[in-house]
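S.K.: Heads up: the protein sequence lines correspond to chains A and B, in order.
When we follow this note's numbering, the leftmost residue of the first sequence carries the number 1, and every step to the right adds one.
When we follow this note's numbering, the leftmost residue of the second sequence carries the number 1, and every step to the right adds one.
Protein chains: 2
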Amino acid sequence: MTSPIVIGLSAVIVAADESSAYVLATRHGGDATGLPHGLFDPAGHRTFELGLRDWVQAQTGFEPGYVEQLYTFGDRGRELPRADLAEAPADARHISVGYLGLAPERPDTTGFDAIWRDWYDYFPWEDHRGGRPQMIDTTLAPLLMDWANAGGATAPRRVNRASAAFGLNGAPWLEERTLERYELLYECGVAPEAARDETVEDAPRLPASIVGAPMLSDHRRILATAIGRLRGKIKYRPVVFELAPERFTLFQLQQTVESILGGLLHKQNFRRALDKSGLVEATGQFETSTGGRPAEYYRYRRGEHALGGVIGVATPRK
Amino acid sequence: MTSPIVIGLSAVIVAADESSAYVLATRHGGDATGLPHGLFDPAGHRTFELGLRDWVQAQTGFEPGYVEQLYTFGDRGRELPRADLAEAPADARHISVGYLGLAPERPDTTGFDAIWRDWYDYFPWEDHRGGRPQMIDTTLAPLLMDWANAGGATAPRRVNRASAAFGLNGAPWLEERTLERYELLYECGVAPEAARDETVEDAPRLPASIVGAPMLSDHRRILATAIGRLRGKIKYRPVVFELAPERFTLFQLQQTVESILGGLLHKQNFRRALDKSGLVEATGQFETSTGGRPAEYYRYRRGEHALGGVIGVATPRK
DNA sequence: GACAATATGCTCAATCTGAGCATTAGTTGG
DNA sequence: CCAACTAATGCTCAGATTGAGCATATTGTC
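Printed below as a string of structure tokens:
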């Protein structure tokens, strides 16, 4: 006879604007944050997605539009917090299915134990909009290298992994490798969750401004997966428009993309690419100024471009 | 109290050569084929991947190298075959986690109820190496359009979906949209599995040479997911080398890629791209001829190119 | 009216792509 | 041994794309 299984559904609900990208986080007990989540009900939920929508709605009041599955985590040892499993049998095995959802704005969450939080609070090393964060080279890299060198036979592999992930030793920084970076920090004990899960001993204790705010259970891992996926996808599918308001100026749109990517883009080339893609159209309305020449408002041309439309978002600036 | 859950693990093990791409299929009872699969054991398996490897090994004798998770299916109604669930409670909910594995050759499966099968047996419309298969326009497209037009209010959306997926009405054929194509054929009842699952009535009965060989439970859906994923990935990650032998000529490698993509590539440009990528190196050995000028054998340069290496496989031929 | 602050336009060289022609090095049949 | 044939490999070229930077247009402010 198989022993019981419980399936947790977790949602990374993302919003973004000119200033940053945000996740919908829930407060659990103290000030620990987690993702909206709950158990899949095999009797009641027809699909995972419907179950997920239920939970998000119940915990945050938000009704997700676009939703996609990210990954299913099943490793023993990185599971749901005990407290959330009151109903489940004590010997149950915990599986966790992560989802990504996009929100065109940040709706009010008053009345719910939920807040919109800057996702770079959780991953400070991921924000390169103001240049490569110093902590990478001053703090993280040395710790990673210590860990790598302690790896015995696997040391060379570890050095390679760390270099490729964090852009060390001449390797380029690739924004979509968010999960790999987080996993490395977890493995080497820098992520506070590692100490909590007792997968490492005598882990260094560093401030959240460097190692990021921890999350419940494996939620930060799911968040990292979501960021990586979104960063990859935004380059070849018109997903920004799920995050942008109805009307936007081109620069607003660019900054929204930059918030997601965590890096700056060359303005004129961003426009050129967008132009060629045919994804947006001018509205004839102009922004009533904030300083300089008024920017025209554009809107997304839904449909049409069944798939042709791609924002060649590439060209980095600076 | 939650009702019981069982998790099925299914593996798409892929191999490819100059002639075609293959999947490792298992025979279950009659001549129905399925993927190697089995139930996840929450007590015994530390991770999904380990459980999966156990099952594949036990059912086919093959030990997968490269493995990656594809997707977790949880819809009620498209579940595991009853027979495989003898041990599970009658009211259990069935979840299915699909994996993709790659094999550098097709090892012998004698002694096991498993065979390597051409994946285009399952998806005849996916092979465009000899030109666009006629059945798409003569048989599938009309059926899809009938179904679309019967969609009432959703008719326009259905027409769009079908057009974008199958390259109708001027839309381009995009090889990685394999899953979408299969799902459409399932929805419109052309895939025999739909009739079996009783999701449609009076479905047309067509030969397997047109609608492809059916598979157990949702295995063909998982296979479609795998093909799509692999086709996408082969363009930006050096995965072909997981499928190629130690030594290969450039044309063999190209044909292996073509087998996966289901389309032909421009030879000289394929070489140029490969050349620039720095992924391969000449061995100095030559093929002892099959007709013309002998081709040099190359080998994959593992490692090094931490991620830079990309085969700009794009340029289609013909 | 000069200046600051933006948005938007335009240019240019370097590189990349898609496509095709040309040459090389074998095999095979007289 | 030569001619014909088959593949592999080499090379060229125009057009498109990309990365970068300079130039101009419109506002509000002092």
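Even for Gly, the Cβ is constructed at its ideal location relative to N, Cα and C.
As the structure is a computational prediction, the values presented were derived from the model and not from experiment.
1) Let me know if A/Thr290 comes out buried or exposed under the rule of 16 or more other beta-carbons within 10 Å of its beta-carbon.
2) List, from N- to C-terminal side, the alpha helix (DSSP H) runs of 4 residues or more that fit wholly inside the region 189 to 232 of chain A.
3) Using only the alpha-carbon positions, how far apart do B/Ala43 and A/Ile5 sit?
4) Counting only C-beta atoms, is B/Val56 closer than 8 Å to chain A at any point?
5) What first and last residue would you give for the beta strand (DSSP E) that runs through A/Arg76?
6) Less than 8 Å between the CB atoms is what I'm expecting for B/His219 and B/Ser19, so what's the real figure, rounded?
7) Quick check on DSSP: helix, strand or coil for B/Tyr66?
8) Per DSSP, what kind of secondary structure is A/Arg161 in: helix, strand or coil?
9) Could you tell me whether the Cβ of B/Gly74 comes closer than 8 Å to any Cβ of chain A?
10) Compare the C-alpha of A/Ala224 against each of A/Ile7, A/Arg302, A/Leu35, A/Arg27 and name the closest.
11) Just to confirm my understanding: we take B/Ala15, look at its own chain, exclude 5 residues before and 5 after, and list those with CB closer than 7 Å. What are they?
12) Label B/Leu201 either buried or exposed according to how many other C-beta atoms from any shown protein chain fall within 10 Å of its C-beta, with 16 as the threshold for buried.
13) If you follow the beta strand (DSSP E) that A/Glu296 is part of, which residue opens it and which one closes it?
14) Rank B/Asp17, B/Phe40, B/Ile95, B/Gly111 by C-alpha distance to the C-alpha of B/Gln59 and give the top, closest one.
15) Apart from the five residues on each side of it in sequence, which residues of its chain come closer than 7 Å, Cβ to Cβ, to A/Gln254?
16) Can you list the residues of chain B that A/Phe48 reaches, using a CB-CB cut of under 7 Å?
17) Please compile the residues from chain B whose C-beta is within a distance smaller than 8 Å of the C-beta of A/Gln69.
18) Inspect the CB distances between the region 227 to 235 of chain B and the region 201 to 213 of chain B and report whether three or more fall short of 8 Å.
19) Rounded to the nearest angstrom, what separates A/Trp173 and B/Thr256 at their Cα positions?
20) Counting only C-beta atoms, is B/Arg229 closer than 8 Å to chain A at any point?
21) Pick helix, strand or coil for A/Ala306, following the three-state DSSP scheme.
22) Assuming A/Arg177 contacts A/Ala194 (C-beta within less than 8 Å), just tell me the rounded distance between them.
23) Rounded to the nearest angstrom, what separates B/Gly308 and B/Ala282 at their Cα positions?
24) Please classify A/Glu63 as buried or exposed, where buried requires at least 16 other C-beta atoms within 10 Å of its C-beta.
25) Out of B/Leu250, B/Ser259, B/Ala273, state which residue places its alpha-carbon closest to the alpha-carbon of B/Tyr297.
26) Since A/Pro64 meets chain B, which of its residues come closer than 7 Å, beta carbon to beta carbon?
27) Look at the alpha carbon of A/His128 and the alpha carbon of A/Gly263, and state the distance between them as a whole number of angstroms.
28) Return the residue from the list B/Gly131, B/Asn149, B/Ser277, B/His28 that minimises the CA-CA distance to B/Arg237.
29) At what residues does the alpha helix (DSSP H) containing A/Phe40 begin and finish?
30) Leaving out five residues on either side along the sequence, give the residues of the same chain with a beta carbon under 8 Å from the beta carbon of A/Met1.
31) Is A/Leu274 closer than 8 Å to A/Ala32 when the C-beta atoms are compared?
32) Check each residue of the region 203 to 234 of chain B: if its Cβ is closer than 7 Å to any Cβ of chain A, include it; give the result in chain order.
33) Report the three-state DSSP secondary structure of A/Ser96 (helix, strand or coil).
34) In terms of alpha-carbon separation, which member of A/Tyr99, A/Ala114, A/Asp41 lies closest to A/Ala25?
35) For chain B, check one thing: does any of its Cβ atoms lie closer than 8 Å to the Cβ of A/Arg301?
M.R.: Reading from the atomic positions:
1) The residue is exposed, with fewer than 16 neighbouring Cβ atoms inside 10 Å.
2) Runs found: 192 to 196, 208 to 211.
3) Rounded to the nearest angstrom, the two C-alpha atoms are 10 Å apart.
4) Between B/Val56 and chain A, the shortest Cβ-Cβ separation is not below 8 Å.
5) Looking at the DSSP string, A/Arg76 is not in any beta strand (DSSP E), and its letter there is neither H nor E.
6) About 23 Å separates the two Cβ atoms, so there is no contact after all.
7) In this structure, B/Tyr66 counts as coil in the three-state DSSP scheme.
8) Note: A/Arg161 maps to helix in three-state DSSP.
9) Output row for B/Gly74: interface = yes.
10) For A/Ala224, the nearest C-alpha among the options comes from A/Leu35.
11) Setting aside the 5 residues that flank it on each side, B/Ala15 is surrounded in the same chain by Tyr22, Ala103, Glu105, Arg106, Trp116, Leu243, each with a C-beta closer than 7 Å to its C-beta; the list follows chain order.
12) A small fix is needed here, since residue 201 of chain B is Glu in this sequence, not Leu. It is exposed - the Cβ of B/Glu201 has fewer than 16 other Cβ atoms within 10 Å.
13) Where A/Glu296 is concerned, the enclosing beta strand (DSSP E) stretches over 296 to 300.
14) Answer by Cα proximity: B/Gly111.
15) Answer for A/Gln254: Leu265, Lys267, Phe270, listed in chain order.
16) Result: Gly74.
17) What A/Gln69 touches in chain B: Tyr71, Thr72.
18) Because the criterion of three Cβ pairs below 8 Å is not met, the region 227 to 235 of chain B and the region 201 to 213 of chain B do not touch.
19) Their backbone Cα atoms lie some 31 Å apart in a straight line.
20) For B/Arg229, the answer is no, since every Cβ of chain A falls outside 8 Å of its Cβ.
21) Its pLDDT being 45, under 50, A/Ala306 is placed unreliably by the model, and the measurement read from it follows with that caveat. Three-state DSSP puts A/Ala306 in coil, outside helix and strand.
22) That belief does not hold up - the Cβ atoms of A/Arg177 and A/Ala194 are roughly 19 Å apart, past 8 Å.
23) Reliability of the predicted coordinates at B/Gly308 is poor, the pLDDT of 46 falling under 50, and the value obtained from them is presented with this limitation in mind. Their Cα atoms are separated by approximately 19 Å.
24) Flag for A/Glu63 reads exposed.
25) Selected option, being the one with the closest Cα: B/Leu250.
26) Correct list: empty, because the minimum Cβ distance to chain B is about 17 Å.
27) Between A/His128 and A/Gly263, the C-alpha separation is close to 5 Å.
28) In terms of Cα proximity to B/Arg237, the closest of B/Gly131, B/Asn149, B/Ser277, B/His28 is B/Ser277.
29) Note, A/Phe40: premise wrong, no alpha helix (DSSP H); not H, not E.
30) Summary for A/Met1: the model assigns pLDDT 45, below 50, so the residue's position carries little reliability, and this model does not support an answer.
31) No; because the gap between Cβ atoms is not below 8 Å, this pair is not in contact.
32) Result list empty, no residue passes.
33) Taken through DSSP and simplified to helix, strand or coil, A/Ser96 comes out as strand.
34) Checking every option, the nearest Cα to that of A/Ala25 belongs to A/Ala114.
35) Not one chain B Cβ lies under 8 Å of A/Arg301.
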